[in-house]
Amino acid sequence: MRTRRIEQHADWLALVEPEGQFLTVPVLKRTFPSGLEGIPKGLRQRLRDAAPKNDTPQAERHAWIDLLLRDVLTWEQQYVSDDAAAQYRLELPLYATALAADAALIDPATQRPRVLVS
């Protein structure tokens, strides 16, 4: 059973293209010690139908990510994307660049971002 949970976490990480050390199998094991919950059959089919292929345009890939975050993770009304998320920006003058969020999970109590998505 333990091995299946580790495999499940690794499979999930393979889907989300993680970056950085904060999103790892050990973190997922601590956060979801019993494994990830199942996805209802209807939603599972919707995800399969919408899953991007190798030649999928970028806009459709963004719609896929929105579907995952809004519907699967149930961020729903707390999830903002596009122009609403563009206000979350960090200038990095040392590198002559800026980081801007493509989407964000907003804390309903503070209206501040809890998670930024790029």
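All residue numbers for the sequence shown refer to numbering that gives the first Met the number 0, where the first residue is 0 and numbers rise by one. Ideal Cβ positions, reconstructed from N, Cα and C, are used throughout, including at glycine. Since we're looking at a predicted model, the values are computed, not measured.
Item: Nearest-angstrom Cα separation, counted from E59 out to N53; Value: 11 angstroms
Item: C-beta atoms of A97 and R88 nearer than 8 angstroms; Value: yes
Item: Selected residue, minimal CA-CA separation from R113, among A62, Y78 and D10; Value: Y78
Item: Identity of the residues DSSP links to I105 by a beta bridge; Value: P112
Item: Span separating the alpha-carbon of I64 from that of P32; Value: 25 angstroms
Item: Under 8 angstroms between C-beta atoms of G34 and R4; Value: yes
Item: Cβ distance (whole Å) where L101 is taken to contact S117 below 8 angstroms; Value: Looking at the sequence itself, residue 101 is Asp, so the reference to Leu does not match. Confirmed, about 5 angstroms.
Item: Beta-carbon contacts of V71 that lie in its chain and below 6 angstroms, excluding the five residues immediately before and after; Value: none
Item: Backbone CA spacing between I38 and P92 [nearest angstrom]; Value: 43 angstroms
Item: Anticipated Cβ contact below 8 angstroms, A99 with A85, distance rounded; Value: 6 angstroms
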